[in-house]
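Throughout the sequence shown, residue numbering follows the numbering used here, covering 1427 to 1805 in sequence. Where is the CB? At the ideal position from N, CA and C, for every residue including glycine. What follows is a set of notes on a single structure, which appears directly below.
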Amino acid sequence: MRKSILLFFVAFLLFSCNQNSKFKVDGTITNLNKQYIILEYNGLLGATVIDSVKPDSEGNFSFKAPRPEYPDFYRLRIGTKLLDFAVDSCEHITIKADYNNFSTNYSFEGSQTNNDILKLRTSLAAIQAKVNTLTDELSADARNARLTEIEADIEAHKAMARKMILQNPLSSAAYFAIYQKINNSYLFSPYVKADKPYSAAVATAYNTFMPEYIRSKNLYALVMDAIKTERKAQNDAVWREMVANSSTGYIDIALNDRTGAVRKLSELEGKVILIDFSASEMENYVAYTFELRELHNKYKNRGFEIYQISLDRSKLIWEEASANLPWISVRDENGPNTSYIQSYNVQSIPTMFLMNKKGVIVTRANDFKTVEAEIGKLL
């Protein structure tokens, strides 16, 4: 509850602390030689120039630009040198920097968020510098020692980032932290079990308070995909374990067809078999059946067969739908509650499995393009 109140308070400050329509960035950059400073918006799809200014003789500069609807990222550019910073909706930032070390040697006034981002950037720059020393000239021992040092530095950096994320997952520094890279590889990934809670914390905070923000949508979709991928991997692992513990390369099925005859999956060994879990109650059943029929007609004379498990709730509907099917169609009296759903870890329909002639299931899929490509390889 306290954390929710804190996040709400932070969000309130971010969006309502100022009615001004512009934000201001000013400061001093020493050792400039009559060069222009360019202010750019650093969006998801790339940088966009907003304005440029020629500093005075002492390096003083000032920009005003329309304040963003949501906290966002900007940068100053001088030639090829870049300085990144974040802007809240009511920000006045003062930057002091030196041109010779423009991207790493600078400081902020009036922005704790940007001071946090500076810590993250400085730490990562030091790690990247060490990574750049991993050249072919290093001996194996020296290289291993350097790698161990880099791994320790990365863990220390991530510990600092994790603390920032947990303190305020809605901050731009937290968002910045989970998108940092070394050699174009993200330090945090929602697909890594240890990193997922931190990516999810930021995604949840952004989605809760800024659901229409493009960065919120992008991050939330990424985390949700990672969660789905993890669940699928877990489901596949369960299924592989079940198969491994069975006496064959698959779990046998024995169910009645519409005539009452028991049809066993194992009786089809020696053929390439498409095991199909579907139902005539599916919205796209007619089109789906035409796709199955096309496969059956194309490959049946080459040793291909379809073994279809109906998950229809109604036995009468299934009997009518399966009356003219040229392949084996069976149904459990429990309909969609058949135990084979758990045995084969079927999460949605349609789901298809492809078994080779040796009785080994080689593919799990839900699209015909993948299935047909595999059939061609197995026949």
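Starting from LEU1742, trace the alpha helix (DSSP H) in both directions and tell me its first and last residue. In the sequence shown, residue 1742 corresponds to position 316, counting from 1. Start and end: 1741-1747.
Bridge-paired residues (DSSP) for ALA1815: Limits of the chain in this structure are 1427 at one end and 1805 at the other, which puts residue 1815 out of reach.
Identify the continuous alpha helix (DSSP H) that holds SER1549 and give its terminal residues. Position 123 of the sequence shown, counted from the first residue, corresponds to residue 1549. Per DSSP, SER1549 belongs to the alpha helix (DSSP H) from 1538-1557.
Euclidean distance between Cα positions of ILE1754 and GLU1693: Within the sequence shown, the letter at position 328 stands for residue 1754. Within the sequence shown, the letter at position 267 stands for residue 1693. For ILE1754 and GLU1693, the distance between alpha carbons rounds to 11 Å.
Would you say LYS1556 and GLU1577 are within 8 Å of each other, going by their C-beta atoms? On the sequence shown, position 130 is the one that residue 1556 refers to. On the sequence shown, position 151 is the one that residue 1577 refers to. The answer is no: Cβ separation not under 8 Å.
Use the C-beta contact count for GLN1593: other C-beta atoms within 10 angstroms, 16 or more gives buried, fewer gives exposed. As a first step, residue 1593 must be located in the sequence shown, where it is residue number 167. Looking at its Cβ environment, which holds fewer than 16 other Cβ atoms inside 10 Å, GLN1593 is exposed.
By the three-class DSSP mapping on this structure, what secondary structure does GLY1485 have? Position 59 of the sequence shown, counted from the start, is the residue given in the question as residue 1485. In this structure, GLY1485 counts as coil in the three-state DSSP scheme.
Where do the N-terminal and C-terminal ends of the beta strand (DSSP E) with THR1715 fall, by residue? As a working mapping, residue 1715 is identified with position 289 in the sequence shown. Counting along the chain, THR1715 falls outside any beta strand (DSSP E), though it belongs to the alpha helix (DSSP H) covering 1711-1725.
State the Cα-Cα distance for the pair GLN1773 and GLU1717, rounded to the nearest angstrom. Within the sequence shown, residue 1773 is the residue found at index 347, counting from 1. Within the sequence shown, residue 1717 is the residue found at index 291, counting from 1. Their Cα atoms are separated by approximately 21 Å.
Could you tell me whether the Cβ atoms of ALA1523 and ILE1463 are closer together than 8 Å? Your numbering for residue 1523 matches position 97 in the sequence shown. Your numbering for residue 1463 matches position 37 in the sequence shown. No, the Cβ-Cβ distance between ALA1523 and ILE1463 is not below 8 Å.
Tell me, which residues are paired with GLU1695 by DSSP? Taking the sequence shown and counting its residues from 1, one reaches residue 1695 at position 269. DSSP, once it has assigned bridges, lists LYS1697 as partnering GLU1695.
Are the CB atoms of ALA1652 and TYR1617 within a distance shorter than 8 Å? For the purposes of this step, residue 1617 is taken as the residue at position 191 of the sequence shown. For the purposes of this step, residue 1652 is taken as the residue at position 226 of the sequence shown. Yes.
TYR1725 CB to nearest heavy atom of the ligand ZN below 7 Å: Ligands are entirely absent from the displayed structure, and the ligand ZN is therefore not among its contents.
Take every Cβ of the region 1565-1575, pair it with every Cβ of the region 1535-1555, and state whether three or more of those distances are shorter than 8 Å. no
Considering only their Cβ atoms, is the gap separating ASP1452 from PHE1489 smaller than 8 Å? Here the question's residue 1489 lines up with position 63 in the sequence shown. Here the question's residue 1452 lines up with position 26 in the sequence shown. Going by C-beta atoms, PHE1489 is nearer than 8 Å to ASP1452.
Between which residues of its own chain and PHE1794 is the CB-CB distance below 6 Å, once the five residues before and five after are set aside? Taking the first residue of the sequence shown as 1, we reach residue 1794 at position 368. Taken in chain order, the residues that qualify are GLU1717.
I'd like the list of long-range same chain contacts for VAL1797, defined as Cβ closer than 8 Å, with 5 residues on each side in sequence excluded. Reading the sequence shown from its first residue, position 371 is the one you call residue 1797. Correct list, in chain order: LEU1700, LEU1721, MET1778, LEU1780, THR1789 and ALA1791.
Which residues in the same chain as GLU1746 place their Cβ atom closer than 6 Å to its Cβ, once the five residues preceding and following it in sequence are excluded? Start at 1 with the first residue of the sequence shown, and residue 1746 comes out as number 320. Correct list: empty, nothing qualifies.
My output table needs one value for THR1685: the three-state DSSP class, helix, strand or coil. Here residue 1685 refers to the residue found at position 259 when the sequence shown is read from its first residue. In this structure, THR1685 counts as coil in the three-state DSSP scheme.
Opening and closing residue of the beta strand (DSSP E) in which GLN1734 lies: The residue given as residue 1734 occupies position 308 in the sequence shown. That run of the beta strand (DSSP E) goes 1730-1736.
Name the one or two DSSP bridge partners that TYR1467 has. One-based indexing of the sequence shown puts residue 1467 at position 41. DSSP, once it has assigned bridges, lists THR1474 and TYR1500 as partnering TYR1467.
Considering only the beta carbon of each residue, do ILE1543 and ALA1599 sit closer than 8 Å? Your numbering for residue 1543 matches position 117 in the sequence shown. Your numbering for residue 1599 matches position 173 in the sequence shown. Yes, the pair counts as a contact, with Cβ atoms nearer than the cut-off.
Give a yes or no on whether the C-beta atoms belonging to ALA1631 and TYR1646 are separated by under 8 Å. Residue 1631 sits at position 205 when you count from the first residue of the sequence shown. Residue 1646 sits at position 220 when you count from the first residue of the sequence shown. For ALA1631 and TYR1646, no; Cβs fall outside 8 Å.
May I ask you to report which of helix, strand or coil DSSP gives ILE1787? Position 361 of the sequence shown, counted from the first residue, corresponds to residue 1787. Here ILE1787 sits in strand by DSSP.
Can you tell which of GLN1768, GLU1495 and GLN1538 has the C-alpha that lies nearest to the C-alpha of GLU1638? If you number the sequence shown from 1, residue 1638 lands on position 212. Among GLN1768, GLU1495 and GLN1538, the Cα nearest to that of GLU1638 belongs to GLU1495.
For the beta strand (DSSP E) that contains THR1764, what are its first and last residues? Working through the sequence shown from its first residue, we reach residue 1764 at position 338. That residue, THR1764, is in no beta strand (DSSP E); it is neither H nor E in DSSP.
Beta carbon of TYR1676, beta carbon of ASP1702: below 8 Å? Counting from one through the sequence shown, the residue named residue 1676 turns up at place 250. Counting from one through the sequence shown, the residue named residue 1702 turns up at place 276. No.
What is the rounded straight-line gap between the Cα of THR1559 and the Cα of ASN1526? Here the question's residue 1559 lines up with position 133 in the sequence shown. Here the question's residue 1526 lines up with position 100 in the sequence shown. Rounded to whole angstroms, THR1559 to ASN1526 spans 22 Å at the Cα level.
Rounded to whole angstroms, what's the CA-CA distance from ALA1799 to TYR1714? Just pull it up for me. Looking up residue 1799 in the sequence shown gives position 373. Looking up residue 1714 in the sequence shown gives position 288. Distance between the alpha carbons of ALA1799 and TYR1714: 17 Å.
Are the beta-carbon atoms of ARG1757 and LEU1691 separated by less than 8 Å? Numbered from its first residue, the sequence shown carries residue 1757 at position 331. Numbered from its first residue, the sequence shown carries residue 1691 at position 265. Taking 8 Å as the Cβ cut-off, ARG1757 and LEU1691 do not qualify as a contacting pair.
To the nearest angstrom, how far is it from the Cα of ALA1587 to the Cα of LEU1470? Locating residue 1587 in the sequence shown gives position 161, where the first residue counts as 1. Locating residue 1470 in the sequence shown gives position 44, where the first residue counts as 1. Looking at the two C-alpha atoms, the distance is approximately 21 Å.
Mind checking whether GLN1461 and GLY1505 have CB atoms under 8 Å apart? The residue given as residue 1461 occupies position 35 in the sequence shown. The residue given as residue 1505 occupies position 79 in the sequence shown. Yes. Within cutoff.
Below 8 Å between beta carbons: does that hold for SER1765 and LEU1737? In the sequence shown, counting from the first residue as 1, residue 1765 sits at position 339. In the sequence shown, counting from the first residue as 1, residue 1737 sits at position 311. Result no, Cβ atoms of SER1765 and LEU1737 do not sit closer than 8 Å.
Please name the residue, chosen from ASN1459, SER1447 and LEU1508, that lies closest to TYR1467 on a Cα-to-Cα basis. On the sequence shown, position 41 is the one that residue 1467 refers to. Selected option, being the one with the closest Cα: LEU1508.
Going by other Cβ atoms of all chains shown within 10 Å of its Cβ, with 16 needed for buried, is THR1613 buried or exposed? To locate residue 1613, count along the sequence shown from 1; it is residue 187. It is worth fixing the name first, because residue 1613 is Leu in this sequence and not Thr. With 16 or more other Cβ atoms within 10 Å, it is buried.
Determine the extent of the beta strand (DSSP E) in which LYS1480 is found, giving its start and end residues. Reading the sequence shown from its first residue, position 54 is the one you call residue 1480. Careful: LYS1480 lies outside any beta strand (DSSP E) and carries neither H nor E.
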